[in-house]
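Q: Quick one: the structure is below, and I'll ask about it shortly.
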Amino acid sequence: MRIPRRMGVVAALAATTLVLSACGGDGGGDGGGDAGGDVDCAAFEQYGDLSGTQVSVYTSIVSPEDQPHIDSYIPFEECTGATVNYEGSRQFEAQLLVRIEAGNAPDVAYVPQPGLIEKIATDFPDAMVPVGEAAESNIDQYYNEAWKLYGSVDGTLYGAPLGANAKSFVWYSPMAFADNGYEIPETWDELLALSDQIAADHPDSKPWCAGIESGDATGWPATDWIEDLVLRVAGPDVYDQWVTHEIPFNDPQILEAMNLADEILRNDDYVNGGLGGVTSIATTSFGDAGLPILDGACFMHRQASFYQANWPEGIDISENGEVFAFYLPGLTADEKPLLGGGEFTVAFSDRPEVAAFQAYLTSPEWANEKAKVSGPGWVTANSELDPANLESPIDQLAYELLTDPNTIFRFDGSDLMPGAVGAGTFWSNMTQWIAEGKDSQAVLDDIEASWP
Amino acid sequence: MTTTNPNPPVPAMKADAKPKKLSKAEQRAIDAKNRLSSPWATAAAIIIAVLWTIPTFGLFVTSFRPAAEIRTSGWWTFFANPAITTENYVDVFTRGTNSFGSAFVNTVVITLPAVMIPITLALLAAYAFAWMEFPGRNALFVAVFALQIVPIQITLIPLLTQYNNWGITGSFWPVWLSHTIFALPLAIFMLHNFMMDIPRSLIEAARVDGAGHVKIFFQVLFPLLVPAIAAFGIYQFLWVWNDLLVGLVFGSSPDVSPLTVRLADLTGTRGSDWHILSAGAFIAMVVPVAVFLGLQRYFVRGMLGGAVKG
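Residue numbers (numbering that gives the first Met the number 0), protein chains in the order written: chain A, 0 to 451; chain B, 0 to 309.
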């Protein structure tokens, strides 16, 4: 009696396995598509013949977003003969350190925070291989000098810039602005004047909407506000000192910046369109916070260029469309500080194919190839990228700002600060600032006290 | 779920016939049984079972709802507004570069050896600890038993370093070996306890008849141990199948990564695709649930066998 039943389970198991493996077969596929054919290998001769070699890449980007990355390697693979093995994991940040410690580091990793590069350099001094000559000359040639600074630790360049995003953006509806005759503000005072005017013209709506809820990372959109304003009020030099803790976190200039944010974020006349009062900012998911713009409940929403992925499908994102973004103005029209973020490639193996691959990722060939195979929402700061290859107008605008020689680019401060602050007390205190009405000075004092 | 076999009625009937000759323990057992089978206890059991099952049921319902509805309303609204789609399941299997199907196969490939190897080794070790006399036997057994208190987290990096020195990272071996290492102390302990339950006279009789260790093991002990092996096998199977930590650290390369690792990445880089998670979770659950339901008799017996010795 027993045996047949047990056999039954085994048979069921085997059958399930067979069915599922049959289903799995067509899922993988070769993601190449049209990228192959027309590759011009002239630019790849500098890398030499790398046939038979392998390069492993480890990133935090998982499917479906990983496919454009994998596709962007195809010209390199076809022209040099090397094979690139891609691996993405959402546990990247923890796993990377485990692997380095165990001596099992990948050849190349995409690191999204300069803070992590510095941590690796401190904890595992011999693990990283400095960026090679070919890649370094590409960076000198094609990137804003700030990028090189952020990829370096104590003067040694470890991280080569890869993707980028611009955070100093205010999303708005060009159609609504046109209907009401509003102009895009070019200075901070104009921005406040516009906010007042909207509040007066539309008693049922609010000029601003915001949301800082983001699971474990709740509070980060508010830190971007503060960083953007420190950059504007105190200037890039003070910003650098603030981020590296050469001046205390609760310096009076930071308080001044925070007070400007206070005027908007904790002003019941300005927020929170379609969502509630000031405290609703803390409970609104950052992904949904800008959506009231679509039904006219609010008019402006400050968020990075990557926010375009959060608009519902079918929304026209363009200069005269349903939504678009303008540059968050500086105090005067001449100052153009830009807050942004991005990833860096770091090499852990000293082999020619790895150096060649890292150089390829800094080259104009890669930037353009990646732009062609990516959907909206991807930008790089490589100045040789042809903006026509970028699919969406907002990416083109972000790209324009990122590569404008007059732009003063600064990396997102919370990614540069120590984790205990940048991914800890800065977030939590900003959340209390919004949700509990915590005093601005107390917020800054508490963050300062928590600096390791 | 854990309905015990209807064996106990026999002592209960005895109790009616000769109430005075019962030992305290027997009396307690009868009381417990009466209390457990009262209508109140049954009602409580049913309520607990329902409460326990609701989240799983909700997951099941969610996995068949359209993405837009998953995002905007809870699964209980399904009954007011039923809309069924299998799109989530199709999505789980077709999206991405390393497919869910191959991860499923990887999990099977990981699980079977990771169950077989520790059982085989533990049977041999348990036999030696139970029936062979050698110096330091007890000390060694205590040492093996004590290994259970070593948290696996602190072994991760040293083990990974070792595998890396051997050059086997990226294959299935690190996962198999790690699961074996982590399972052995408990497996040896449990199987040893089962073996000690077998009457010594049985082994001695076999020995008198001229049977050696090998013959005793395969012909006398093995048939008696099948329930114990099955019990530990199910236990280890469920553990390995549901494991994320070992799979993540030792088997993260796409060629070997199991279902759990794939499931953790299923929601996309920024977690925006969480609506397909319920379908993915359900696929991952199907096999363990089937195994548990099919073999639960052994599971319960194994738990009891490990806990109370007769």
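We put the beta carbon where it would ideally sit given N, CA and C, even for glycine.
Could you tell me the distance, in whole angstroms, from the CA atom of Ile314 (chain A) to the CA atom of Val322 (chain A)?
A: Distance between the alpha carbons of Ile314 (chain A) and Val322 (chain A): 8 Å.
Q: For Asp84 (chain A), does the three-state DSSP call read helix, strand or coil?
A: The displayed chain sequence assigns Asn, not Asp, to residue 84 (chain A). Asn84 (chain A): strand per DSSP, three-state reduction.
Q: Please return the same chain residues whose Cβ sits closer than 7 Å to the Cβ of Asp287 (chain A), not counting the five positions on each side in sequence.
A: Excluding sequence neighbours, Asp287 (chain A) sits near Gly210.
Q: Should the stretch 74 to 91 of chain A be regarded as contacting the stretch 113 to 131 of chain A, the criterion being three or more beta carbon pairs within less than 8 Å?
A: The stretch 74 to 91 of chain A, when compared against the stretch 113 to 131 of chain A, does not touch it at the 8 Å Cβ threshold.
Q: Keeping to the same chain, check which residues put their C-beta closer than 6 Å to that of Ser277 (chain B); ignore five residues upstream and five downstream.
A: Hits under 6 Å: Leu58, Thr61 and Ser62.
Q: At what residues does the alpha helix (DSSP H) containing His68 (chain A) begin and finish?
A: Asp65 to Ser71 is the span of the alpha helix (DSSP H), which, as asked, contains His68 (chain A).
Q: What is the C-beta distance between Glu390 (chain A) and Pro173 (chain A), in whole angstroms, given that I count them as a contact (C-beta under 8 Å)?
A: Actually they do not touch by this definition, with Cβ atoms about 19 Å apart.
Q: Tell me the start and end of each unbroken beta strand (DSSP E) in the stretch 147 to 184 of chain A that is at least 3 residues and wholly inside, in chain order.
A: Whole beta strand (DSSP E) segments, 3+ residues: 158 to 165 and 168 to 171.
Q: Along the chain, where does the alpha helix (DSSP H) containing Met195 (chain B) start, and where does it finish?
A: Trp172 to Asp196 is the extent of the alpha helix (DSSP H) around Met195 (chain B).
Q: Taking a cut of 8 Å between CB atoms, which residues from the stretch 341 to 367 of chain A lie near chain B?
A: The stretch 341 to 367 of chain A vs chain B, Cβ under 8 Å: nothing.
Q: Who pairs with Cys297 (chain A) in a beta bridge, going by DSSP?
A: Paired residue(s): A:Lys205.
Q: Specify the secondary structure class of Gly340 (chain A) as computed by DSSP and reduced to three states.
A: If DSSP states are grouped into helix, strand and coil, Gly340 (chain A) belongs with the strands.
Q: Does the separation of the CB atoms of Cys208 (chain A) and Pro311 (chain A) fall below 8 Å?
A: Not a contact, by the Cβ cut-off of 8 Å.
Q: If the cut is a Cβ gap below 9 Å, which residues of chain B does Ala101 (chain A) touch?
A: Those are Leu155, Ile156, Pro157, Leu158, Leu159, Thr160, Gln161, Tyr162, Asn163, Thr168 and Val248, listed as they occur along chain B.
Q: Per the DSSP calculation, Phe323 (chain A) is bridged to which residue(s)?
A: In DSSP, Phe323 (chain A) forms a bridge with A:Tyr171.
Q: To which residues of the same chain is Ile116 (chain B) closer than 7 Å at the C-beta, ignoring the five residues directly before and after it?
A: Hits under 7 Å: Trp175 and Thr179.
Q: Compare the C-beta of Gly267 (chain B) with all C-beta atoms of chain A and state if any pair is closer than 8 Å.
A: So, interface residue.
Q: When the Cβ atoms of the stretch 99 to 106 of chain B are set against those of the stretch 288 to 296 of chain B, are three or more pairs found closer than 8 Å?
A: No: the two stretches stay apart, fewer than three of their Cβ pairs being nearer than 8 Å.
Q: Closest to Tyr297 (chain B) by CA distance: which of B:Val225, B:Gly270, B:His274 and B:Val245 is it?
A: The shortest Cα separation from Tyr297 (chain B) among B:Val225, B:Gly270, B:His274 and B:Val245 belongs to B:Val225.
Q: Are the Cβ atoms of Ile202 (chain B) and Trp130 (chain B) separated by less than 8 Å?
A: Closer than 8 Å, so yes.
Q: Between the stretch 230 to 242 of chain B and chain A, which residues of the former have a C-beta closer than 9 Å to a C-beta of the latter?
A: Within the stretch 230 to 242 of chain B, no residue has a Cβ that lies closer than 9 Å to any Cβ of chain A.
Q: In the structure shown, what three-state DSSP assignment does Ala346 (chain A) receive?
A: In the structure shown, Ala346 (chain A) sits in a strand (DSSP, three-state: E or B).
Q: Under 8 Å, Cβ to Cβ, is there at least one residue of chain B near Asn249 (chain A)?
A: False, the Cβ-Cβ gap to chain B never drops below 8 Å.
Q: Grouping DSSP H, G and I as helix and E and B as strand, with all else coil, what is Glu226 (chain A)?
A: Glu226 (chain A) falls in the helix class under three-state DSSP.
Q: Taking C-beta to C-beta, are Ala283 (chain B) and Leu243 (chain B) nearer than 8 Å?
A: In this structure, Leu243 (chain B) does not lie closer than 8 Å to Ala283 (chain B) by Cβ.
Q: Judging by CA-CA distance, which residue of B:His191, B:Phe181, B:Ala280 and B:Thr266 is the nearest neighbour of Gln235 (chain B)?
A: Nearest of B:His191, B:Phe181, B:Ala280 and B:Thr266 to Gln235 (chain B), Cα basis: B:Phe181.
Q: Report yes if the CB atom of Val114 (chain B) is closer than 8 Å to the CB atom of Val239 (chain B), and no otherwise.
A: Yes, the Cβ-Cβ distance between Val114 (chain B) and Val239 (chain B) is below 8 Å.
Q: When you compare only the Cα positions, how much space is there between Ala138 (chain B) and Val245 (chain B)?
A: Straight-line Cα distance between these residues: approximately 30 Å.
Q: Nearest-angstrom Cα distance between Gly329 (chain A) and Leu337 (chain A)?
A: Going by the C-alpha atoms only, they are around 9 Å apart.
Q: Can you find a CB in chain A that lies within less than 8 Å of the CB of Lys23 (chain B)?
A: No, because no Cβ of chain A sits closer than 8 Å to the Cβ of Lys23 (chain B).
Q: Please give the ranges of any alpha helix (DSSP H) in the stretch 69 to 157 of chain B, keeping only runs that are unbroken, at least 4 residues long and fully inside the region.
A: For the stretch 69 to 157 of chain B, whole alpha helix (DSSP H) runs of length 4 or above, ordered along the chain, are 86 to 93, 99 to 130 and 136 to 145.
Q: Would you report the Cα separation of Ser271 (chain B) and Ala145 (chain B), rounded to the nearest angstrom?
A: Straight-line Cα distance between these residues: approximately 44 Å.
Q: Pro253 (chain B) versus chain A: which residues are under 7 Å apart at the beta carbon?
A: Ordered by position in chain A, the residues that pass the 7 Å Cβ test against Pro253 (chain B) are Glu86.
Q: Is it right to say Phe221 (chain B) is buried, meaning 16 or more other beta carbons lie within 10 angstroms of its own, or is it exposed?
A: Looking at its Cβ environment, which holds fewer than 16 other Cβ atoms inside 10 Å, Phe221 (chain B) is exposed.
Q: Give me the residue from A:Gly80, A:Lys437, A:Phe43 and A:Glu100 with the minimum Cα distance to Thr52 (chain A).
A: Among A:Gly80, A:Lys437, A:Phe43 and A:Glu100, the Cα nearest to that of Thr52 (chain A) belongs to A:Gly80.
Q: With a Cβ-Cβ cutoff of 8 Å, do Leu228 (chain A) and Gln440 (chain A) count as a contact?
A: Not in contact: Leu228 (chain A) and Gln440 (chain A) (Cβ atoms no closer than 8 Å).
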